[in-house]
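Asks: Residue 389 in the working numbering sits at position 279 of the sequence shown, and the numbers go up by one each step. All C-beta atoms, glycine included, are put in the ideal place defined by N, C-alpha and C. Quick caveat: nothing in here was measured; it's all calculated off a predicted structure.
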Amino acid sequence: MNEFIITFREGLEATLIVGIVYTFLSKTNMHEQIKHLWSAVIAAIIGSIAVAFLIISLNNQIGNTAIAKLFEAIFMYITAGLLLYVVFWLSKSISDKKKLEELASKASRSSKWGIFLLIFFAILREGFETVMFLISGVIQTGSFSYFGFFSGLILSCLIGYLIFSQGKKINLKPFFAATTFCLVLFAAGMNAYGTHEIESFLTKQEYISKDISRPWDILQPKPELSSNDNRILYTYNDEKAKYFHILHDKGAIGAFLKGFFGYNSNPNWIELFVWITTLIFGFKIWRQFYIKT
111 MNEFIITFRE GLEATLIVGI VYTFLSKTNM HEQIKHLWSA VIAAIIGSIA
161 VAFLIISLNN QIGNTAIAKL FEAIFMYITA GLLLYVVFWL SKSISDKKKL
211 EELASKASRS SKWGIFLLIF FAILREGFET VMFLISGVIQ TGSFSYFGFF
261 SGLILSCLIG YLIFSQGKKI NLKPFFAATT FCLVLFAAGM NAYGTHEIES
311 FLTKQEYISK DISRPWDILQ PKPELSSNDN RILYTYNDEK AKYFHILHDK
361 GAIGAFLKGF FGYNSNPNWI ELFVWITTLI FGFKIWRQFY IKT
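1) Going by DSSP in three states, N340 sits in which element: helix, strand or coil?
2) Taking buried to mean at least 16 other C-beta atoms within 10 Å of its own C-beta, is I233 buried or exposed?
3) Have a look at A302 and F114 and give me their C-alpha separation to the nearest angstrom.
4) Please confirm whether S323 and F238 have their CB atoms less than 8 Å apart.
5) With distances taken from CA atoms, which of F399, I308, W326, Y195 is nearest I318?
6) Ordered along the chain, which non-local residues of its own chain (more than five positions away) have a Cβ less than 8 Å from that of L228?
7) Could you check the C-alpha separation between K145 and N347 for me, to the nearest Å?
8) Residues in the same chain with beta-carbon distance under 6 Å from G304, minus the five sequence neighbours each way, listed in chain order, please.
9) Rounding to the nearest angstrom, what Cα-Cα distance links L122 and T345 in this structure?
10) Report the CB separation of T251 from G369 in whole angstroms; it is logged as a contact under 8 Å.
11) Count the other C-beta atoms from every protein chain shown that fall within 10 angstroms of the C-beta of L272, then say buried if there are 16 or more, exposed otherwise.
12) Can you give the Cα-Cα distance for S167 and T138, rounded to whole angstroms?
13) Here's a check: name, in chain order, each residue in its chain whose Cβ is nearer than 7 Å to the Cβ of S246, leaving out the five neighbours to either side.
14) Would you say T133 reaches chain C, if we count a Cβ-Cβ gap shorter than 8 Å as a contact?
15) With DSSP run on the structure shown, which of helix, strand or coil describes N376?
16) Assuming K352 is part of the beta strand (DSSP E), what are its boundary residues?
17) Between the alpha carbons of S336 and Y353, how many angstroms are there, rounded?
18) Taking 6 Å as the limit between beta carbons, can you name the residues of its chain near K179, skipping five residues before and five after?
19) At what residues does the alpha helix (DSSP H) containing W433 begin and finish?
20) Roughly how many angstroms lie between the CA atoms of F274 and G129, to the nearest whole one?
21) What number of angstroms, rounded off, separates the C-alpha of A154 from the C-alpha of F230?
22) In the DSSP assignment, find the unbroken alpha helix (DSSP H) run with N112 in it and report its ends.
23) Quick one: what's got a C-beta closer than 6 Å to I390's C-beta in the same chain, skipping five residues either side?
24) Nearest to A362 by alpha carbon, out of K350, S375, A162?
25) Determine, using beta carbons only, whether T388 and G270 come nearer to each other than 8 Å.
26) Could you check what DSSP says for Y303 in three-state terms: helix, strand or coil?
27) Determine the direct distance from the alpha carbon of C267 to that of Q408, and round the result to whole angstroms.
28) Under 6 Å Cβ to Cβ from Q171, same chain only, skipping five residues before and after it: list those, please.
29) Between the alpha carbons of L135 and G364, how many angstroms are there, rounded?
30) Hey, W379 and P325: beta-carbon distance below 8 Å or not?
31) So the alpha helix (DSSP H) M140 belongs to, where does it begin and stop?
Below you can see the structure in the form of C-alpha cells.
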C-alpha cells in the first residue's frame, strides 16, 4: 500500500510536469526541444536508479549493528522532514501550468539544453524523493511490494495520458488530498521509527539501560498465557510453540499498521510523543490546504 501511494503521487506529479511542458512545446512548434524533453526524462530515471543503488550500498556496507541503527534513525528523520516539506510547500506549485510554461519558455530561449536541464532536475527531484520514501519504507517494514510500486506508476501515467493526450478533465484535488493525508501518516511513522532506532543505538552502545518505560509492550511472545491475558488477543504458533499477540508488528495486522501508521509493538514514551506531535502538525497543515472552512 505504501509503495502504491508513494509512486502514484510522485509519478503523477512527474507526469503533470512532463505533460504541461510537452503540450507547451508542441503548441509552439518547438519539436527539437521535445527530443530534449524525453532525453531528460530518461536521464533522470537513470539518475534516480543510481541514487537508489548508492543509498542501498551505503546501508549494506555499515557492518556495526549499533551504527546501522543510528544511520537508519538519521535517514528516517531526514526522509520524514523531506516528506513534510514536499507535501506542504513544493506540491502547492508543482503542477502550476502557467508557471511551468513560463519556465519552459525561458529555458528554451536561454540555452539549447535549457529544456533538458529544466525537465532533468524536476524529474530527478521527484525520483530522489521516491527513492528516499521507498527505502525508508523498506527499512521500517522489512518488505517491498512490487505490485504496489508498478500499480502506482502505471495509474499515474494513465491519468497523465488521459489528461494530455485525450483531453479529459480530471479533478486531481481529491487524489492529492487523499495521498497527502496518507503521506502525513507515513511521515509520523518515520519520525517514530527513527526515535525507536535511536533507542536501539543507545542501548546497544550501553549508553542507556534496556529497561525503559513503555506505554505498551507486546513484542515478546509468551510460552503460556497468564490469567491476566485475554486469549482472544493471542494466536498460538505451533512451530515456535508460543503465543503471539494479534497486534504484534510481525503479524498480518501489526505489519499493516507498522507500514501505514508507524505502529510498534513496544514503543517508548518519547517515540509515542514524536508520533503524536508529527501527526498533529501534519494534519493541521493538511487541513489548511485541503479543507475549506
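Replies: Concretely, from the data shown:
1) It is coil, neither helix nor strand.
2) Burial call: buried.
3) 22 Å
4) no
5) I308
6) V131, A150, L213, A214, A217
7) 59 Å
8) A183, M186, Y187
9) 41 Å
10) 4 Å
11) exposed
12) Straight across, the Cα-Cα distance linking S167 with T138 is about 44 Å.
13) F185, M186, T189, M300
14) Within the model displayed, chain C is absent; a lone protein chain is all it includes.
15) coil
16) 352–355
17) 11 Å
18) E307, S310, F311
19) Absent from the structure is residue 433, since the part of the chain shown begins at 111 and ends at 403.
20) C-alpha separation (whole angstroms): 6 Å.
21) 5 Å
22) 112–137
23) none
24) S375
25) no
26) helix
27) Nothing in the structure corresponds to residue 408, since the chain is present only between 111 and 403.
28) Result list for Q171: empty, nothing under 6 Å.
29) 49 Å
30) yes
31) From DSSP, M140 is part of no alpha helix (DSSP H); its letter is neither H nor E.
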